[in-house]
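K.L.:
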Amino acid sequence: MSDKVKFNRRNFLQILGAAGIAAGSGVLIPKETLLARTEKDSRRRGHQSNEVKPGELDDYYGFWSGGHSGEVRVIGVPSMREIKRIPVFNMDVATGWGITNESKKLLRGRYTGDTHHVHGSYKNGTYDGRYLFVNDKLNNRVARIRIDYMEVDAIVDIPNVQGLHGLFPQRYPKTEWVVANSEFQVPVPNDETNASAFTKPKQYYGLHTIIDAERMSIVCQVLVDENMDLAATDYKGKYSMTTSYNTEKGVTISEMLASDYDYMLVFHWGRIKEALRKGNYTRINGVKVIDGRKGHSDIVLRIPVPKNPHGINVSPDGKYAICSGKVSPTCTVVDLDLIDLAFEGKIKPEECIVAQPEIGLGPLHTTFDGRGNAYTSVFIDSTNVKWNIQKAIEAEKKGEEEKKKKEYIIDVLDIHYQVGHIMASMAETKEADGKWLVSLNKFSKDRFLNAGPVKAENDQLIDISGKKLRLVHDSPAYMEPHDCIIVRRDIVEPNVKDRYDMFEHPLAVTESGVKRNGKNVIIRMTSNAPVYGLQEVRLKKGDRVTLIVTNHDEISDLSHGVAISNYNINFVIGPFQTKSVTFTADKVGVFWVYCTNFCHALHLEMRMRLIVEP
Amino acid sequence: MKRLIILIFLFVMLAPVKGYSQWEFFEHRYKYKLTDVLEADRFEKKDGYWEGYRGNRLVGYVFLSKEWTKKLVGYSGKHMETLIGMDTEGRLTGVKIIFHSEPIVLIGLKEKNYQDFMKQYKGRSIKEELTVGKQISMDAITGATVTAVVQNAIILGSARKVAAVTGMMQFAKKKRGKISTKFRRLTWKELLESGAVRNLRVTSESLGMKSKEVYLDLYFAVVTPPSIGRSLLGDRLYSDIMKRLKNGGSAIVVFARGKGSFKGSGYARGGVFDRFNIEQQDRVFVFRDRDYRIVTEIKATGAPDIREGGVFIVRDAEFDQTSPFRFNLILPFRIGAKKEFKSFGAEYRLPERFLE
Ligand SMILES: [Cu+2]
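Sequence order for the protein chains is A and B. Heads up, this note's numbering is the position in the first sequence plus 909, with the first residue counted as 1. Heads up, this note's numbering is the position in the second sequence plus 1360, with the first residue counted as 1.
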């Protein structure tokens, strides 16, 4: 015992007033109050550390889209460590996504995808930690990821559209709908029944698709002349919004840039529901399509904004929608409290605009800190710009002279290089906390070891807890994240499971065995480290084989692999998970089935044989 | 090696299918007679145990662990069935392993090593402390810490339960009290001083190391009283844990700092925490990874930074969190390249003020 903390047991017991404390050897109550929280101190405003020491956990789950890798990634923030890749629209030979029957049923033969926007399901304006939704711009699908297993459980095809891009869930009172936009106008329907429209771009349309989040089915589509880029919803469950950069219906760049003004579109959910109730729609490819064109219905409000806008983001207080200008150096601030008046015709749509501050060259996306400030990614300048929304509105009121002073701009940070999306922690919720900002940069150039002509992207972590933006960390990203959300750990963590519910899978194997019915063979097999439930299975050439495997290990993190040599099959099963594959035994010989995912000291011995006889 | 053509899966005990499992390679079943563990010339069958007589004199008891502590399972996920003999004073007269499937072969051990480990129980009293790393040495099966800890819990728990049934030892059957639902946010200092949080401090010196450093500075507490749980874990984590406990059970929270680790890495492989357990009267509770939720910071004002922490759920309704219990720590450490073990313990008694 050290002399520093000499301890008198009798006194101690008196202090406690507790009887029956029989302290064992080595038991000691330190007299002094314990050490100061040096580390916590270093997290004070403007000086946050991104260091997450061995054994510590990140404060946030980051969910990143994987772009044309087709996946979604889980990144720890602020450490920026990649924790998981969730295969979504791609084939993943590690987990067997795209190889197993379960995943093939969802993917239906398409293994390319382009994920742009991942968003979580909401309750009362903040994440509820149940689901993630993500778009596929390439094959026009929306997938849902269940957060408990961090895997895809549903994929819905979106007909009648191309370039399915912006996606956003309903924020209030909870996520019943998810909206998704089509960026490329196409003939509707886009098939042989409508071939006359193929060469007539004026007969191309954009569609705002509404998806039922629980059922993962399409509620309806709203047809408009415009294309639609990014998506947002309000905090009252009344509207969804988007920007359009091709109101011209151009099919070449010069045509798309022709007009000086494009639109922010607002969709009135009450009126959409009414149209559905009244049957004011036509069915196209099985989907209810509501006419939202100008002059044809009152469902869509069109607010003119400077040409070719890009992102649309709603401030955490629910008051403003901000359209980032892209080609225009400005952001357009729209007061959402005025939208109803505009819908009712009491004011002009453009009167909803309360500020148009100049931000920099190429504003793309805006995010928030919950303290009234906006952060806009500025592509051409390669900066992140922090500005105050209220000050911008006041400057607008005071006039051009005041605006020129640009006093609403608080700080400008150079980034490396060419930022696309930008996102702050919890910024797409009413609980925006203004701690961290991630700048998803499209070029890394010389920021990492040179790994050949095709280089990583650069996700930069920025401390926004203080007045100034402070660049903290660069992390390389494989092509090509577009957008991300940064979700507080305590929202996600309680929902994430360590093992599957075994009988959620209807084919869960509890007893190994082989069943033959003519040429059809069903192999049911358990796996427990380090043995499979079967040691050999005899097959005949040409047999149609279904192999179903259930992992019976309960220990968390104890996953097994199932790989069939020379049969181009591999998949991984987590604790209590079941997966199956179906294949034809077209090669004769002995084929070892082995465990690919380390599981045990005798992992290498974990194998069995398929004997395919001629 | 005796090869049984019997198929035993962990989760199903159904009829064997064609082909056979490789599990029997890890399974060891031994024949036994009651006199293997107690010298007696006559045994009388009782409910869950046998009385052993020499002449007309009752000399002790023989019992099978699976009758008493079946829930305790080892690395293999299976109970290590043990035949235990005990005299009328609570001294063990012999213990014999009759079935286990602990994969000790993987760490280069033989069955004989397991049997050697068991030999040291003969003559030990279950009325006294009986802890791995102290009275019970792990030398014979070094490396098989999960097996040793669980085996010890099986012997001690079974024997104390039989001692209670036969009237040799008395244990309170009634719960001490009801936990108060009152809430007051307590500081770290208040939590420590009230006895709500207990400290167990292992110095490097006590392990024979030269350093002056504290090797492991560990704190533990019961979670349920809101003034303790909410103050330590914060409202959100506390309510998550309480949700998990809504169908019964209780939880303890353990935090530590220092060079040593109470979690170790055994749970990563076998799912069992082999460095600590809690002991309450005739019961020993061992924790598995499914009972565990990581904790990375103490929320109470003035609390130190910690290096590791966790909430551990006791599902067993036999545990009474209001009654005193003992936290046992079996700490492996290295002196040079040599691995050693030493045990420590601390008593916990929920202070009166947290009871109704
Ligand atoms: Cu394996």
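Ideal Cβ placement from N, Cα and C applies to all residues, glycine included.
(1) Would you identify the three-state DSSP class for K1158 of chain A, choosing helix, strand or coil?
(2) Is there at least one Cβ from chain A nearer than 8 Å to L1466 of chain B's Cβ?
(3) Taking the CB atoms as reference points, tell me whether T1453 of chain B and I1514 of chain B lie closer together than 8 Å.
(4) Here's the rule: buried if 16 or more other CB atoms are within 10 angstroms of the residue's CB, otherwise exposed. What is L1358 of chain A?
(5) Which of helix, strand or coil does DSSP assign to E1522 of chain A?
(6) Between D1249 of chain A and chain E, is there a C-beta pair that is closer than 8 Å?
(7) Counting only beta-carbon separations shorter than 8 Å, does R1596 of chain B have a partner in chain A?
(8) Who pairs with S1610 of chain B in a beta bridge, going by DSSP?
(9) Do we get a CB-CB distance below 8 Å when we pair E1340 of chain A with the residues of chain B?
(10) I'd like the list of long-range same chain contacts for T1142 of chain A, defined as Cβ closer than 6 Å, with 5 residues on each side in sequence excluded.
(11) Roughly how many angstroms separate the alpha carbons of G1375 of chain A and R953 of chain A, rounded to a whole number?
(12) When we look at the beta-carbon of M1173 of chain A and count the other beta-carbons within 10 Å, is it buried (16 or more) or exposed?
(13) At a threshold of 7 Å, does A1003 of chain A count as lining ligand 1 (C-beta to nearest heavy atom)?
(14) Going along chain A in order, which residues have a C-beta closer than 7 Å to the C-beta of D1649 of chain B?
(15) Is there a C-beta anywhere in chain B that falls below 8 Å from the one on D1410 of chain A?
(16) Rank A:T1084, A:D1057, A:V1043 and A:E1060 by C-alpha distance to the C-alpha of D1066 of chain A and give the top, closest one.
(17) Just confirm the distance between the C-beta atoms of S1564 of chain B and K1572 of chain B, as a whole number of angstroms; I'd bet it's less than 8 Å.
(18) Taking 5 Å as the limit, name every residue whose beta carbon sits nearer than that to some heavy atom of ligand 1, in sequence order.
(19) If we cut at 8 Å on Cβ distances, does D1392 of chain A have a partner in chain B?
(20) If you measure from the beta carbon of E1668 of chain B to each beta carbon in chain A, is any gap under 8 Å?
(21) With a cut-off of 8 Å, does the C-beta of L966 of chain A fall near any C-beta of chain B?
(22) Thinking C-alpha only, which one of A:A1167, A:F1485 and A:R1356 is nearest V1236 of chain A?
(23) Using a Cβ-Cβ cut-off of 8 Å, state whether L1511 of chain A counts as contacting chain B.
(24) Going straight from the alpha carbon of S934 of chain A to that of E1489 of chain B, what length do you get?
(25) What do you reckon, are the CB atoms on Y1435 of chain B and V1632 of chain B nearer than 8 Å?
(26) Are the CB atoms of N1479 of chain A and G1005 of chain A within a distance shorter than 8 Å?
(27) Less than 7 Å between the CB of R1356 of chain A and some heavy atom of ligand 2, yes or no?
(28) Could you tell me the boundaries of the beta strand (DSSP E) in which R1053 of chain A lies?
(29) Any beta carbon of chain A sitting closer than 8 Å to that of I1654 of chain B?
(30) So is D1407 of chain A in contact with chain B if we call contact Cβ pairs under 8 Å?
(31) Excluding five sequence neighbours on each side, which residues of the same chain lie with their C-beta closer than 6 Å to the C-beta of D1447 of chain B?
(32) Just to confirm the assignment: which complete beta strand (DSSP E) runs, minimum length 3, are found wholly within the region 1452-1507 of chain A?
(33) Does the beta-carbon of P1415 of chain A have 16 or more other beta-carbons within 10 angstroms, so that it is buried, or is it exposed?
(34) With respect to the alpha helix (DSSP H) encompassing R1590 of chain B, which residues constitute its N-terminal and C-terminal limits?
(35) State the Cα-Cα distance for the pair E1085 of chain A and A1122 of chain A, rounded to the nearest angstrom.
P.N.:
On the basis of the supplied data:
(1) coil
(2) yes
(3) no
(4) Answer is exposed; the Cβ neighbour count stays below 16.
(5) strand
(6) You won't find chain E in this structure, because its protein chains are A and B.
(7) yes
(8) B:V1674
(9) no
(10) F1077, Q1079, R1080 and S1149
(11) 9 Å
(12) buried
(13) no
(14) I1464 and S1465
(15) No, no contact with chain B.
(16) A:V1043
(17) 7 Å
(18) A:H1469, A:C1504, A:C1508 and A:M1515
(19) no
(20) With its beta carbon less than 8 Å from one in chain A, E1668 of chain B belongs to the interface.
(21) yes
(22) Closest in C-alpha terms to V1236 of chain A, from the list A:A1167, A:F1485 and A:R1356, comes A:A1167.
(23) By this cut-off, L1511 of chain A is an interface position.
(24) In this prediction, S934 of chain A has a pLDDT of 38, which is less than 50 and means its spatial position is unreliable; nothing more can be read from the coordinates.
(25) Yes, they are a contact pair.
(26) yes
(27) With respect to ligand 2, the structure shown offers nothing to examine, as its ligands consist of ligand 1.
(28) R1050 to R1055
(29) yes
(30) With respect to chain B, the C-beta atom of D1407 of chain A has a partner C-beta closer than 8 Å.
(31) So the list reads G1420 and T1453, once near-sequence residues are dropped.
(32) 1453-1460, 1469-1473, 1478-1482, 1487-1493 and 1498-1503
(33) exposed
(34) Where R1590 of chain B is concerned, the enclosing alpha helix (DSSP H) stretches over P1586 to L1593.
(35) 5 Å
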